[in-house]
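Novice:
Protein chains: 2
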Amino acid sequence: MNRLRVPQMTHAAQIEVLKTLVEPGKVLTDADSLNAYGKDWTKHFAPAPLAIVFPKTVEQVQAIVRWANEHRIGLVPSGGRTGLSAAAVAANGEVVVAFDYMNQILAFNEYDRTVVCQPGVVTKQLQLFAEDKGLYYPVDFASSGSSQIGGNIGTNAGGIKVIRYGMTRNWVAGLKVVTGTGELLELNRDLIKNATGYDLRQLFIGAEGTLGFVVEATMRLERAPKNLTAMVLGTPDFDSIMPVLHAFQNKLDLTAFEFFSDKALAKVLARGDVPPAFETDCPFYALLEFEAATEEVAEQALATFEHCVEQGWVLDGVMSQSEQQLQNLWKLREYISETISHWTPYKNDISVTVGKVPAFLHDIDAIVEKNYPDFEVIWFGHIGDGNLHLNILKPEDLSKDEFFAKCAVVNKWVFETVQKYNGSISAEHGVGMTKRDYLHYSRSEAEIACMKAIKAVFDPNGIMNPGKIFN
Amino acid sequence: MNRLRVPQMTHAAQIEVLKTLVEPGKVLTDADSLNAYGKDWTKHFAPAPLAIVFPKTVEQVQAIVRWANEHRIGLVPSGGRTGLSAAAVAANGEVVVAFDYMNQILAFNEYDRTVVCQPGVVTKQLQLFAEDKGLYYPVDFASSGSSQIGGNIGTNAGGIKVIRYGMTRNWVAGLKVVTGTGELLELNRDLIKNATGYDLRQLFIGAEGTLGFVVEATMRLERAPKNLTAMVLGTPDFDSIMPVLHAFQNKLDLTAFEFFSDKALAKVLARGDVPPAFETDCPFYALLEFEAATEEVAEQALATFEHCVEQGWVLDGVMSQSEQQLQNLWKLREYISETISHWTPYKNDISVTVGKVPAFLHDIDAIVEKNYPDFEVIWFGHIGDGNLHLNILKPEDLSKDEFFAKCAVVNKWVFETVQKYNGSISAEHGVGMTKRDYLHYSRSEAEIACMKAIKAVFDPNGIMNPGKIFN
């Protein structure tokens with residue numbers, strides 16, 4: 001740790017020192033680069049970084065962190081910049097550390113089914129590598145084509161297969177991190193069993209780069225799923241989705257259990273490029289997926305479907321018989337987000353325990369309907385994980401400013417309802433800067449104080465992604 | 472936090488204050504109680520607690536911790552006291568906090584498949600509760616009849632089903648803990664997805680009570696396995712076990728993959744109460760288990776077995792056809808520990824990544840054989856997790872003292888070899904006091920410094936299970 005300060009040096013002079021720490025040309029300060037690398041998918045903050053630096057080795061990352069400590073300059077880690085909470089935004093003269101050149105898969109361990117990745121490996125790259133080995137990397141979500149493993153770990157990314165495979169956390173066998181003091185920690189040594197004190201690896205997963213930067217990650221792979229098969233089921237009301245989930249979960253190992261409302265489906269079908277699942281109109285739909293590895297499993301699924309129909313929980317349904325049909329059913333769910341983006345939706349990513357979902361959803365619906373009867377509410381999400389994506393569409397006759405002003409009020413009600421149901425204000429998108437001021441709805445003051453004290457252990461000068469999660 | 476000290480009070484007077492914090496009769500100071508509650512299954516340390524206290528509520532636990540801070544008296548948490556690292560030993564005038572009266576299952580959530588447990592719930596009690604609900608609690612090990620959930624969480628207990636279900640960590644949906652300042656933290660709210668900053672829950676899992684005490688835990692349950700079926704396979708050498716593991720893992724979801732040596736098997740068969748799996752003598756055996764949910768799965772297993780025989784990796788094998796046969800095959804593995812206890816074994820619980828197991832095992836074998844050719848080495852363990860139990864039997868003509876003196880030398884070599892292979896000196900038994908002085912073989916000085924700093928955040932006065940993990 002170097003606590004010397006060099007207070008007289010200008011920013012320009014500091015950047016000249018930074019340039020000596022990496023390869024030639026690997027520090028950028030042009031406006032286009034600052035703008036591109038200074039932000040993620042959120043649009044709330046104007047990017048204003050001091051420079052972008054591209055390390056190629058662990059030692060260069062350590063040198064950059066030591067430099068930042070000397071000059072008391074904040075560092076913002078940058079992966080695929082697909083985040084939705086502004087955790088990768090540099091809005092206050094920070095230096096962005098971009099991992100684009102640390103993007104190699106370094107090793108594959110056949111018996112351990114692990115892959116040693118540099119942080120800049122793209123999620124899709126790891127998925128394809130696994131496929132090539134006859135295996136499977138199960139964490140999957142919309143931005144897998146550009147998100148990077150380091151960023152996935154920073155936000156503990158979730159997605160559409162969590163019900164079976166869990167979050168990114170479950171797939172991290174070991175981590176190498178550079179802490180806020182420039183120290184390199186090798187965490188967990190890629191072991192399955194290791195009962196030697198606090199599992200520090202877990203702290204860095206989901207820490208959004210505020211404790212240190214991931215410079216290498218060993219990720220686990222899994223057996224590839226066999227004959228994935230989807231069902232789309234229509235239900236007479238939202239509450240019926242719960243016994244359907246329960247019935248299928250008791251009979252099958254589900255790989256997904258998603259839901260969407262009739263309003264969400266109508267928007268997708270109006271595009272004209274996706275076939276409907278069936279003709280019956282239902283207020284809510286469940287999309288479930290499982291491995292039909294044998295005939296018996298498919299028969300079990302059909303029997304469970306029939307049981308659900310008999311109980312009145314399901315009005316109609318369809319099961320995929322081919323890869324093409326599987327893809328088409330998934331489009332009904334996966335196209336929602338892109339389709340509704342035309343209506344400038346107010347979006348929230350919230351979660352409660354699964355059993356509380358129906359009451360929670362009714363409460364939110366009632367609040368919005370009572371106060372803003374003209375607002376169209378679109379629900380969809382990972383219902384098997386208790387994770388709901390709430391989307392409120394902007395009425396055509398309302399200006400953006402008016403709409404967002406009203407949504408700010410809704411936001412408070414939503415978070416108060418989340419708190420009442422003991423839920424999370426950010427299920428899988430992280431806190432970053434956009435949820436920072438609402439953190440107390442999901443974490444107690446005592447917890448936040450503990451988090452800040454832990455931050456001080458690993459980053460005493462507060463230079464690692466400053467202002468993210470908390471101030 | 473109360474930092475006032477009451478230095479003049481005698482221990483007797485302090486205990487009188489303690490008695491006012493719990494129900495009448497719930498503080499014991501008689502010799503039998505001090506001896507019984509002052510130790511776990513390890514025998515290296517003489518128990519010497521000041522008193523045993525039995526809280527019945529969270530508030531009482533908080534009051535006890537505040538009392539301990541005032542009087543600067545160490546607290547040792549006590550569950551089933553089945554630990555093998557002396558983490559639950561009170562050898563230095565600590566007060567033992569026994570959770571025997573906080574042993575209720577408080578709630579069951581059908582849709583979340585979660586059970587809210589007090590810390591004193593016995594593992595078996597949770598397993599039976601799950602069974603009663605048609606579900607399954609998959610963490611299982613020899614001491615499940617007396618170990619408690621609080622203790623399981625403290626050591627992140629593993630056992631025989633880790634290859635499929637993971638460690639205790641995977642099954643903790645939420646935790647309530649009382650930290651070393653007496654503060655109650657409710658961690659993770661039992662959510663599946665919760666991306667709101669550092670997951671403090673993870674820190675307390677495996678912390679051996681050094682950061683705080685678990686006062687409530689929400690545990691996840693799983694679908695009950697269908698038609699569990701075991702195979703015992705004999706291999707021509709140890710190295711053949713690895714391709715066998717690989718072949719089966721690519722075809723089936725294994726629920727267990729254990730191994731044992733011919734010497735281990737001979738000891739068990741000599742008891743006369745367990746039938747042999749087959750007649751062929753082999754130097755090593757693998758026991759694997761899977762759900763034969765359908766005929767096709769069983770056929771797949773047989774085809775894989777035949778493939779392994781053709782490749783020369785397997786010499787002989789047997790597959791269970793009934794629950795009774797399944798139990799009998801498991802006895803060949805499960806009886807080893809108890810059977811060899813007659814030979815006063817030197818035991819170690821070590822792990823490396825799975826791919827390194829053969830070379831690691833050969834190294835240890837060579838070291839012991841070269842230096843102590845008269846020592847009989849018995850290997851068994853959870854090979855699918857890279858977790859080996861090394862047992863060296865005492866030669867009859869060697870005194871206990873001589874044997875243990877020689878084992879202390881072996882211990883150093885074993886841990887040096889563990890370090891060389893980047894493994895763990897404690898795979899699933901924890902550090903406690905028995906591995907404390909060897910921690911540096913598995914954790915760097917920088918990591919240990921971070922752990923101590925984190926301990927100071929949650930337990931500034933060092934009263935929570937002092938002297939465990941580190942000094």
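Residue numbers (the numbering used here), protein chains in the order written: chain A, 1 to 471; chain B, 472 to 942.
Using N, Cα and C, we set each Cβ at its ideal position, and we do this for glycine too.
Being a predicted model, the structure only gives us computed values, none of them experimental.
So within the segment 640-686 of chain B, which uninterrupted alpha helix (DSSP H) runs reach at least 4 residues, ignoring any that extend past its ends?
Specialist: Correct list: 671-675.
Novice: Pop quiz: Val318(A) and Phe278(A) are said to be a contact at Cβ under 8 Å. What is the actual Cβ separation, rounded to whole angstroms?
Specialist: As a first step, residue 318(A) is located in the first sequence; it is residue number 318 there, counting from the start. As a first step, residue 278(A) is located in the first sequence; it is residue number 278 there, counting from the start. Right, the Cβ-Cβ distance comes to about 5 Å (below 8 Å), so this counts as a contact.
Novice: Determine the contact status of Val610(B) and Thr639(B), defining contact as a CB-CB distance below 7 Å.
Specialist: Within the second sequence, the letter at position 139 stands for residue 610(B). Within the second sequence, the letter at position 168 stands for residue 639(B). Yes, these two residues count as a Cβ contact at 7 Å.
Novice: Anyone know if the C-beta pair for Ile232(A) and Tyr285(A) falls short of 7 Å?
Specialist: The residue given as residue 232(A) occupies position 232 in the first sequence. The residue given as residue 285(A) occupies position 285 in the first sequence. For the sequence presented, residue 232(A) should be read as Val rather than Ile. Yes, the Cβ-Cβ distance between Val232(A) and Tyr285(A) is below 7 Å.
Novice: Of all the residues that make up the segment 712-741 of chain B, which are near chain A by a beta-carbon distance shorter than 8 Å?
Specialist: Correct list: Met713, Leu716, His717, Gln720, Asn721 and Asp724.
Novice: For Trp850(B), which three-state DSSP category applies?
Specialist: Sequence index remark: in the second sequence, residue 850(B) carries index 379 (1-based). Looking at Trp850(B) - three-state DSSP - the assignment turns out to be strand.
Novice: Should Thr765(B) be flagged as near chain A, meaning a C-beta pair shorter than 7 Å?
Specialist: As a position in the second sequence, residue 765(B) is number 294, starting the count at 1. With 7 Å as the cut-off, Thr765(B) counts as an interface residue toward chain A.
Novice: Under 7 Å, do Thr553(B) and Ser615(B) count as touching if we go by C-beta distance?
Specialist: As a first step, residue 553(B) is located in the second sequence; it is residue number 82 there, counting from the start. As a first step, residue 615(B) is located in the second sequence; it is residue number 144 there, counting from the start. No. Outside cutoff.
Novice: Give a yes or no on whether 7 Å exceeds the smallest Cβ distance from Tyr285(A) to chain B.
Specialist: The residue given as residue 285(A) occupies position 285 in the first sequence. Judged by the 7 Å Cβ criterion, Tyr285(A) is not in contact with chain B.
Novice: Report the residue ranges of all alpha helix (DSSP H) runs contained in full by the segment 315-382 of chain A; include only those spanning at least 4 residues, in chain order.
Specialist: Runs found: 323-334, 336-340 and 357-371.
Novice: Would you mind telling me which residues of chain A sit closer than 8 Å to Leu662(B), beta carbon to beta carbon, in chain order?
Specialist: For the purposes of this step, residue 662(B) is identified with residue 191 of the second sequence, where counting begins at 1. Ser351, Val352, Thr353, Gly386, Gly423, Ser424 and Ala427, listed in chain order.
Novice: Determine which residues of the segment 564-598 of chain B have a Cβ less than 9 Å from any Cβ of chain A, and write them out in chain order.
Specialist: Listed in sequence order: Asn580, Glu581, Tyr582, Asp583, Arg584 and Thr585.
Novice: When you check each C-beta in the segment 432-449 of chain A against every C-beta of chain B, which residues fall closer than 8 Å?
Specialist: Residues Lys435, Leu439, Ser442, Arg443, Ser444, Ala446, Glu447 and Ile448.
Novice: Glu258(A) and Ile364(A) look like a contact to me (Cβ under 8 Å); what is the Cβ gap, rounded to whole Å?
Specialist: Your numbering for residue 258(A) matches position 258 in the first sequence. Your numbering for residue 364(A) matches position 364 in the first sequence. Incorrect: roughly 18 Å between the Cβ atoms, too far for contact.
Novice: Is there a Cβ from chain B that is less than 7 Å from the Cβ of Met451(A)?
Specialist: Walking along the first sequence from the start, residue 451(A) turns up at place 451. Interface residue, yes.
Novice: Between which residues of its own chain and Asn227(A) is the CB-CB distance below 8 Å, once the five residues before and five after are set aside?
Specialist: As a working mapping, residue 227(A) is identified with position 227 in the first sequence. If we look at Asn227(A) and ignore the five residues flanking it on each side, its Cβ neighbours are Glu291, Ala292 and Ala293.
Novice: How far does the beta strand (DSSP E) with Ala107(A) in it reach, from first residue to last?
Specialist: Here residue 107(A) refers to the residue found at position 107 when the first sequence is read from its first residue. Looking at the DSSP string, the run of the beta strand (DSSP E) that includes Ala107(A) is Ile105 to Asn109.
Novice: Tell me which residue opens and which closes the alpha helix (DSSP H) that Phe590(B) is part of.
Specialist: On the second sequence, position 119 is the one that residue 590(B) refers to. Before going further, note that residue 590(B) is Pro rather than Phe in the sequence given. Neither: Pro590(B) is in no alpha helix (DSSP H) and is coded neither H nor E.
Novice: Is Pro520(B) near the ligand COA, in the sense that its beta carbon is under 6 Å from a heavy atom of that ligand?
Specialist: The model on display carries no ligand, and the ligand COA is accordingly not part of it.
Novice: Taking its Cβ as the centre, do 16 or more other Cβ atoms sit within 10 Å of Ser341(A), making it buried, or is it exposed?
Specialist: What you label residue 341(A) is simply residue 341 of the first sequence in a count that begins at 1. By the neighbour-count rule (16 or more Cβ atoms within 10 Å), Ser341(A) is not buried but exposed.
Novice: Which full runs of the alpha helix (DSSP H) of 4+ residues lie inside the segment 51-80 of chain A, going along the chain?
Specialist: List check, alpha helix (DSSP H) in window: 58-71.
Novice: Tell me the DSSP secondary structure of Met167(A) in three-state form.
Specialist: Along the first sequence, one-based indexing puts residue 167(A) at 167. Coil, per DSSP.
Novice: Contact between the segment 774-788 of chain B and the segment 734-742 of chain B: three or more CB pairs below 8 Å?
Specialist: The segment 774-788 of chain B, when compared against the segment 734-742 of chain B, does not touch it at the 8 Å Cβ threshold.
Novice: Run the CB neighbour count on His44(A), radius 10 Å, all protein chains shown included, and call it buried at 16 or more, exposed below.
Specialist: Locating residue 44(A) in the first sequence gives position 44, where the first residue counts as 1. Exposed, since its Cβ has fewer than 16 Cβ neighbours within 10 Å.
Novice: Are the segment 54-66 of chain A and the segment 442-457 of chain A touching, with three or more C-beta to C-beta distances below 8 Å?
Specialist: As far as the Cβ criterion goes, the segment 54-66 of chain A does not touch the segment 442-457 of chain A, which means the pair count is below three.
Novice: Name the residue from Pro49(A), Thr42(A) and Gly38(A) whose alpha carbon lies nearest to the alpha carbon of Ala12(A).
Specialist: As a first step, residue 12(A) must be located in the first sequence, where it is residue number 12. It is Pro49(A) whose Cα lies nearest to the Cα of Ala12(A).
Novice: Buried or exposed, going by whether 16 or more other CB atoms sit within 10 Å of the CB of Val17(A)?
Specialist: Mapped onto the first sequence, residue 17(A) falls at position 17. With fewer than 16 Cβ atoms within 10 Å of its Cβ, Val17(A) is classed as exposed.
Novice: On the three-pair Cβ rule with 8 Å, is the segment 423-435 of chain A touching the segment 365-378 of chain A?
Specialist: They do not touch, by the three-pair rule.
Novice: Give the DSSP-derived three-state secondary structure of Gly83(A) in the structure shown.
Specialist: Indexing the first sequence from 1 puts residue 83(A) at position 83. Correct three-state label for Gly83(A): coil.
Novice: Is there at least one Cβ from chain A nearer than 7 Å to Thr639(B)'s Cβ?
Specialist: Locating residue 639(B) in the second sequence gives position 168, where the first residue counts as 1. No, Thr639(B) lies away from the interface with chain A (no Cβ there is under 7 Å from its Cβ).
Novice: For chain A, check one thing: does any of its Cβ atoms lie closer than 7 Å to the Cβ of Glu887(B)?
Specialist: In the second sequence, residue 887(B) corresponds to position 416, counting from 1. So, not an interface residue.
Novice: Measure how close the beta-carbons of Tyr136(A) and Leu126(A) come, nearest whole angstrom, since I'm counting them as under 8 Å.
Specialist: Locating residue 136(A) in the first sequence gives position 136, counting from the first residue. Locating residue 126(A) in the first sequence gives position 126, counting from the first residue. That belief does not hold up - the Cβ atoms of Tyr136(A) and Leu126(A) are roughly 10 Å apart, past 8 Å.
Novice: What are the partner residues of Leu861(B), as DSSP defines its beta bridges?
Specialist: Numbered from 1 along the second sequence, position 390 holds the residue referred to as residue 861(B). Answer is Asn819(B) and Trp850(B).
Novice: Could you check which residue in Ala774(B), Ala678(B) and Asp744(B) has the C-alpha nearest to that of Phe719(B)?
Specialist: Counting from one through the second sequence, the residue named residue 719(B) turns up at place 248. Taking only the C-alpha atoms, the option nearest Phe719(B) is Ala774(B).
Novice: If you measure between the beta carbons of Arg672(B) and Leu662(B), is that distance less than 7 Å?
Specialist: Residue numbering aside, residue 672(B) sits at position 201 when the second sequence is read from its first letter. Residue numbering aside, residue 662(B) sits at position 191 when the second sequence is read from its first letter. No.
Novice: Less than 7 Å between CB atoms is the rule here; does Gln202(A) satisfy it with respect to chain B?
Specialist: As a first step, residue 202(A) is located in the first sequence; it is residue number 202 there, counting from the start. Yes, contact with chain B.
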